[in-house]
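**Student:** With the working numbering, the residue at position 88 of the sequence shown is 335, and numbering never jumps.
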Amino acid sequence: MMKTLGTALAASALLFGLAAPANASTGTPCSIRDGACLQLSTNQAWLIYQGNASYGPVPVTHGRPGYETPVGTFSVLRKVRDDWSVPYNAPMPYSVYFTSSGIAFHEGSLDTLSHGCVRLSHDAAVTFFDNLFVGEQVQVVP
């Protein structure tokens with residue numbers, strides 16, 4: 248009886264717009280509670296804090312064909328304030344790495360596609376660098 252009543256109450260709350268789905272971060276297409284959300288199809292990213300968009304959306308560029316930014320949920324692995332890409336001989340300021348293959352959020356041109364990294368404007372890169380912490384999640388959706 249209690250299980251049926253609880254299910255009926257939850258369904259009623261959703262029907263009348265009183266509750267959001269438990270797996271959705273408010274204001275983003277992602278389901279994580281803390282970290283960063285990236286939507287490839289719209290070239291947008293957000294910071295998420297306690298299930299709500301706390302910053303964004305901001306414009307981004309990401310991987311070009313053959314160097315696609317991977318879809319999935321990852322953890323922030325490390326942060327480097329002034330990094331340099333050896334393979335591509337390019338600066339990577341404010342890098343926040345979230346894959347073991349070297350994919351990161353970092354400051355860069357919003358006019359060209361990357362080799363898999365997520366490029367942000369200077370202000371957005373600084374904000375992501377300052378507000379993403381090792382161990383937090385990064386969710387990349389199509």
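Idealized CB from N, CA, C, for every residue including glycine.
Just checking my contact of V381 with R328 at CB under 8 Å: how many whole Å lie between their CB atoms?
**Tutor:** Contact doesn't hold; Cβ gap of about 14 Å is too wide.
**Student:** Thinking just about the alpha-carbon of each residue, which of H309, R311, W293 and Q384 is nearest to the one in G303?
**Tutor:** Among H309, R311, W293 and Q384, the Cα nearest to that of G303 belongs to W293.
**Student:** By the three-class DSSP mapping on this structure, what secondary structure does L294 have?
**Tutor:** In the structure shown, L294 sits in a strand (DSSP, three-state: E or B).
**Student:** So what does A371 bridge to, in DSSP terms?
**Tutor:** Note: A371 sits in no beta bridge, so no partner.
**Student:** Pick helix, strand or coil for N299, following the three-state DSSP scheme.
**Tutor:** If DSSP states are grouped into helix, strand and coil, N299 belongs with the strands.
**Student:** For S288, name the three-state secondary structure that DSSP assigns.
**Tutor:** Correct three-state label for S288: helix.
**Student:** Using C-beta distances below 8 Å, list every residue in its chain close to V365, excluding the 5 sequence neighbours before and after it, in chain order.
**Tutor:** Excluding residues within five positions, the ones whose Cβ falls inside 8 Å are L285, A292, V307, T308, H309, T316, I350, A351, F352 and H353.
**Student:** Using a Cβ-based criterion (distance less than 8 Å to any ligand heavy atom), does P276 qualify as near the ligand GTP?
**Tutor:** Ligands in the displayed structure: none, and consequently the ligand GTP is not present.
**Student:** Between V343 and S368, what straight-line distance do the alpha-carbon atoms span, to the nearest angstrom?
**Tutor:** Distance between the alpha carbons of V343 and S368 is about 14 Å.
**Student:** Closest to N290 by C-alpha separation, out of V305, R311 and D281, would be which residue?
**Tutor:** Taking only the C-alpha atoms, the option nearest N290 is V305.
**Student:** Looking at the secondary structure, which residues open and close the beta strand (DSSP E) in which H353 lies?
**Tutor:** Segment A351 to E354, the beta strand (DSSP E) holding H353.
**Student:** What is the DSSP secondary structure of F345, reduced to helix, strand or coil?
**Tutor:** Three-state result, F345: coil.
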